[in-house]
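According to my numbering, the stretch in the sequence shown is residues 183 to 383, in order. We put the beta carbon where it would ideally sit given N, CA and C, even for glycine. Some notes on the structure that comes next.
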Amino acid sequence: TAYDGIVINLSEMRLYFFSRKSKGTVNTFPIGIGSEGKETPVGNFTIIEKIANPPWHVPESIRKEKPELPLVVPPGPDNPRGSHALRLSLGNVLIHGTNRPYAVGRKASHGCIRMYPEDIPNLFQIVPRGAKVTIVRQPLKIGLAGDKVYMEIHTDKELQINYFNEAVRLLIKKDLYKKVDKDKMLIALREKQGIPVDISK
């Protein structure tokens with residue numbers, strides 16, 4: 183792909199980093215995202231700041247929920263931002279590590295994107311300041327590998343979509359509908375396994 187930057191798919195809870203320099207290699211990481219009512223925003227942003235050993239200036243909204251928290255949590259094992267952080271142009275939303283790895287793969291933050299402690303230093307090192315960040319909510323993905331058509335579906339209860347209609351729309355858009363076994367497609371739509379499934383004829 184010619185895309186340079188980060189794509190975050192909230193439906194999949196996964197972050198992708200594309201770089202022209204990597205010649206087709208994509209770096210991908212599992213993430214944690216915003217909880218209900220505090221959702222991670224969808225849109226186009228940029229990385230405006232890279233922070234190693236970030237202090238956590240506790241937002242007023244969180245201090246209302248947990249008044250026992252200090253105004254600032256210094257870097258270290260008690261800091262929920264972990265060892266590195268990337269600030270988005272949205273301002274108060276960051277991609278950062280965590281001192282609670284069990285939060286990765288969950289909707290548990292106040293809108294930030296959490297990464298495993300062992301993953302964030304790698305991303306921090308390869309992502310330049312000014313990199314584009316596109317955040318999407320895309321539960322259904324279609325791809326072609328050789329002559330095989332694959333479909334990957336994630337359950338996303340926050341999206342009110344008809345998965346069948348969306349699958350047909352994407353397949354027609356990519357001119358792949360005629361290559362698909364409809365029974366295989368229906369099984370994949372029913373099971374929503376979250377992994378690529380061969381739906382070819």
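Cβ neighbours of residue i in the same chain (closer than 8 Å, five flanking residues each side left out)
{"i": "Arg-196", "result": "Ile-190, Thr-210, Phe-211, Pro-212 and Ile-213"}
{"i": "Asp-222", "result": "Checking the displayed sequence, the identity of residue 222 turns out to be Thr instead of Asp. Ile-190, Leu-192, Ile-215, Gly-216, Val-275, Ser-291, Gly-293, Cys-294, Ile-295 and Ile-317."}
{"i": "Gly-283", "result": "What sits at residue 283 in the sequence shown is Pro, not Gly. Result list for Pro-283: Tyr-298 and Pro-299, in chain order."}
is_contact[residue i, chain D] using C-beta, thresh 9 Å
{"i": "Val-331", "result": "Given the protein chain composition of this structure (a single chain), no chain D is represented."}
Residue i burial status per 10 Å Cβ neighbour count (16 or more: buried)
{"i": "Asp-306", "result": "Position check: residue 306 holds Phe in this sequence, whereas Asp was assumed. Looking at its Cβ environment, which holds 16 or more other Cβ atoms inside 10 Å, Phe-306 is buried."}
{"i": "Ile-302", "result": "buried"}
{"i": "Gly-279", "result": "buried"}
DSSP beta-bridge partners of residue i
{"i": "Lys-314", "result": "Gly-187 and Thr-228"}
{"i": "Val-286", "result": "In the DSSP output, where bridge partners are listed per residue, Val-286 has none listed."}
{"i": "His-239", "result": "Val-254"}
{"i": "Asp-380", "result": "Tyr-332"}
Limits of the unbroken alpha helix (DSSP H) element including residue i
{"i": "Asn-209", "result": "Per DSSP, Asn-209 belongs to no alpha helix (DSSP H); it is in the beta strand (DSSP E), 208–212."}
For residue i, the first and last residue of its enclosing beta strand (DSSP E)
{"i": "Tyr-345", "result": "Counting along the chain, Tyr-345 falls outside any beta strand (DSSP E), though it belongs to the alpha helix (DSSP H) covering 345–355."}
{"i": "Arg-196", "result": "196–200"}
{"i": "Ala-267", "result": "266–270"}
6 Å Cβ shell around residue i - same chain, five flanking residues per side excluded
{"i": "Ile-152", "result": "With the chain running from 183 to 383 in the structure shown, residue 152 is simply not present."}
{"i": "Leu-352", "result": "Ile-324"}
Residue i Cβ short of 8 Å to the ligand GTP heavy atom set
{"i": "Asn-274", "result": "Summarising the ligand content, the structure contains no ligands, and the ligand GTP is consequently not present."}
Neighbourhood of residue i by C-beta distance below 7 Å, restricted to the same chain and skipping five residues each side
{"i": "Thr-183", "result": "Caution is warranted here: a pLDDT of 41 is assigned to Thr-183, below 50, making its placement in the model unreliable, and no coordinate value can be reported."}
Could you say if the region 328–348 and the region 238–257 meet the contact criterion of at least three C-beta pairs nearer than 8 Å?
Pairwise C-beta distances place the region 328–348 out of contact with the region 238–257, as fewer than three of them are shorter than 8 Å.
Contact between the region 363–383 and the region 219–233: three or more CB pairs below 8 Å?
Short answer: they don't touch.
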